[in-house]
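S.K.:
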Amino acid sequence: MKMKQNISNQTNGTDNLPPVLENLRYEVTGFRVPNGYFDSLNSRIVDEIKKQENKSLLKSIVHSFRKPLVWAPVATIFVISLLLIFVAPLKKNTTNQVADEWTEINMVYDPSYAAEALLAERNSIDKELEDNDINYSEPVSLTGQNQPTDAEIEQYLKEHEIDADILNEY
Amino acid sequence: MPEYTDNELVELFRDADKKHYAFNLLVQKHQEKVYYFVRRMVIDHDDTDDVVQNIFIKVWNNLGSFREDSKLFTWLYRIAVNESLSFLKSKQLRSYLSLSTPEAMMVKSLHDETNFDGPEIQRRLSEAIIRLPKKQQLVFNMRYYDDLSYDEMSEILGTSVGALKASYHFAVKKIEEFVTAN
Numbered sequence: 014m015k016m017k018q019n020i021s022n023q024t025n026g027t028d029n030l031p032p033v034l035e036n037l038r039y040e041v042t043g044f045r046v047p048n049g050y051f052d053s054l055n056s057r058i059v060d061e062i063k064k065q066e067n068k069s070l071l072k073s074i075v076h077s078f079r080k081p082l083v084w085a086p087v088a089t090i091f092v093i094s095l096l097l098i099f100v101a102p103l104k105k106n107t108t109n110q111v112a113d114e115w116t117e118i119n120m121v122y123d124p125s126y127a128a129e130a131l132l133a134e135r136n137s138i139d140k141e142l143e144d145n146d147i148n149y150s151e152p153v154s155l156t157g158q159n160q161p162t163d164a165e166i167e168q169y170l171k172e173h174e175i176d177a178d179i180l181n182e183y
Numbered sequence: 002m003p004e005y006t007d008n009e010l011v012e013l014f015r016d017a018d019k020k021h022y023a024f025n026l027l028v029q030k031h032q033e034k035v036y037y038f039v040r041r042m043v044i045d046h047d048d049t050d051d052v053v054q055n056i057f058i059k060v061w062n063n064l065g066s067f068r069e070d071s072k073l074f075t076w077l078y079r080i081a082v083n084e085s086l087s088f089l090k091s092k093q094l095r096s097y098l099s100l101s102t103p104e105a106m107m108v109k110s111l112h113d114e115t116n117f118d119g120p121e122i123q124r125r126l127s128e129a130i131i132r133l134p135k136k137q138q139l140v141f142n143m144r145y146y147d148d149l150s151y152d153e154m155s156e157i158l159g160t161s162v163g164a165l166k167a168s169y170h171f172a173v174k175k176i177e178e179f180v181t182a183n
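Structure representation (structure tokens):
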């Protein structure tokens, strides 16, 4: 009966506490808290949130890569890119470099190879001259028809104030 | 620090530019209440610190979707109750590997001067609360220390007002017996 009465009192908003509990109700509880704990709690919580957000971002990336449909094409593209960037230029350079080195070595140690190389070089010059469409039909010999006359030579020497004795030197 | 109501803080939090500011204010406003509520349940400071951090991280993650059909304050308490009970449950599971029960470890912690330095009568009161069933502990702490109304407690714990009153009554009886007997 008394119990029912107490519960009923609580229904009305009165707790009907025994005196010992009534006295202790608003006293300090006695739990020790480190100095400055509540000043730093806020920043520690924010740090923890940032940590968890970074972790969850990393986790979601790792998780997405667990699906072969996602990572397989990405990995293929990555490997192909690596091959294109690093291996292909390396191969080309290596071939040229090795060829150049061999040419040099052969030039030094094999005279016949040197002769062939010089011939090839001359041929290439001839080819270049042909390509430039130069007319060599006119004779270029000093003893040919285009030889200047003595009068022309004298006039030239006069115009350029060159001593005529220079002709005797040759 | 400007004084904002809980509703104003929720509004501020929803503004992306003021989210951090609002959260800081919210933590500052409620941290002590939440801390002592958890501390009375788990006793040890370090354990309390972990639980309190988890509570506010949950608040950060879920406040954006908080529906204002309940008060922020009761919502916060509900998170605190769930986190405290989860912690105690995990402690109970871990205690199977050790020789002592979680209650025994908490009582031991109460006798550690680095953890508790109040008068002896307060120590006995805390010990009496530890020995209560979890539901009675929650009800007693909310009513006795935090002055929550039965309606608020009913909203937080999802229990009828009548059942809460009965729980509180039995809790008070057991505590009185323990404190006066020792």
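Chains as they are written, first to last, in our numbering: chain A, 14 to 183; chain E, 2 to 183.
Just so you know, even glycine gets a beta-carbon here, dropped at the ideal spot from N, CA and C.
As the structure is a prediction and not an experimental result, all values here were calculated from the model.
1. Among Val-108(E), Glu-178(E), Lys-59(E), which one has its Cα closest to the Cα of Phe-44(A)?
2. For the stretch 55 to 71 of chain A, list every residue whose C-beta sits within 8 Å of some C-beta in chain E, in sequence order.
3. Which residue comes first and which comes last in the alpha helix (DSSP H) that contains Gln-123(E)?
4. Would you mind stating whether Val-33(A) and Gly-119(E) have Cβ atoms separated by less than 8 Å?
5. For Phe-67(E), which three-state DSSP category applies?
6. Along chain E, in chain order, which residues have C-beta atoms closer than 9 Å to that of Leu-34(A)?
7. For Thr-24(A), is the classification buried or exposed, using 16 other Cβ atoms within 10 angstroms of its Cβ as the cut-off for buried?
8. Take every Cβ of the stretch 94 to 105 of chain E, pair it with every Cβ of the stretch 25 to 36 of chain E, and state whether three or more of those distances are shorter than 8 Å.
9. Determine whether the Cβ of Gly-43(A) lies closer than 8 Å to any Cβ atom of chain E.
10. Please decide whether Gln-32(E) counts as near chain A, where near means a Cβ-Cβ distance under 8 Å.
11. Which term fits Leu-165(E), buried or exposed, when burial requires 16 or more other beta carbons within 10 angstroms of its beta carbon?
12. Hey, could you find the ends of the alpha helix (DSSP H) Asp-199(E) is sitting in?
13. Please say whether His-46(E) and Val-46(A) have beta carbons closer to each other than 8 Å?
14. Three or more C-beta pairs under 8 Å: does that hold for the stretch 83 to 90 of chain E against the stretch 162 to 177 of chain E?
15. Could you tell me the boundaries of the alpha helix (DSSP H) in which Glu-167(A) lies?
16. Would you decide whether Asp-163(A) is buried or exposed? Buried here means 16 or more other CB atoms lie within 10 Å of its CB.
M.R.: Result, derived from the coordinates:
1. Within the first sequence, numbered from 1, the residue matching residue 44(A) stands at position 31. Cα-wise, what sits closest to Phe-44(A) is Val-108(E).
2. Those would be Asn-55, Arg-57, Ile-58, Val-59, Glu-61, Ile-62, Gln-65, in chain order.
3. Taking the first residue of the second sequence as 1, we reach residue 123(E) at position 122. Note, Gln-123(E): alpha helix (DSSP H), 121 to 131.
4. Counting from 1 along the first sequence, the entry for residue 33(A) is found at position 20. Counting from 1 along the second sequence, the entry for residue 119(E) is found at position 118. The answer is no: Cβ separation not under 8 Å.
5. Within the second sequence, residue 67(E) is the residue found at index 66, counting from 1. In this structure, Phe-67(E) counts as coil in the three-state DSSP scheme.
6. By 1-based counting over the first sequence, the position of residue 34(A) is 21. Ordered by position in chain E, the residues that pass the 9 Å Cβ test against Leu-34(A) are Leu-126, Tyr-145, Val-173, Ile-176, Glu-177, Val-180.
7. In the first sequence, counting from the first residue as 1, residue 24(A) sits at position 11. The predicted position of Thr-24(A) is uncertain, since its pLDDT is 47 and thus under 50; no value can be drawn from it.
8. No, the stretch 94 to 105 of chain E is not in contact with the stretch 25 to 36 of chain E.
9. Mapped onto the first sequence, residue 43(A) falls at position 30. Taking Cβ atoms only, chain E reaches closer than 8 Å to Gly-43(A), which makes this a yes.
10. Taking the first residue of the second sequence as position 1, residue 32(E) is located at position 31. Nearest CB-CB separation between Gln-32(E) and chain A: below the 8 Å threshold.
11. As a working note, residue 165(E) is residue 164 in the second sequence. Residue environment analysis places Leu-165(E) among the buried positions, since at least 16 neighbouring C-beta atoms fall within 10 angstroms of its C-beta.
12. With chain E covering only 2 through 183, there is no way to say anything about residue 199(E).
13. As a working note, residue 46(A) is residue 33 in the first sequence. As a working note, residue 46(E) is residue 45 in the second sequence. Against a cut-off of 8 Å, the Cβ pair of His-46(E) and Val-46(A) comes out as a contact.
14. The stretch 83 to 90 of chain E, when compared against the stretch 162 to 177 of chain E, does not touch it at the 8 Å Cβ threshold.
15. For this step, residue 167(A) is matched to residue 154 along the first sequence. That run of the alpha helix (DSSP H) goes 163 to 172.
16. Residue 163(A) sits at position 150 when you count from the first residue of the first sequence. So Asp-163(A) ends up on the exposed side.
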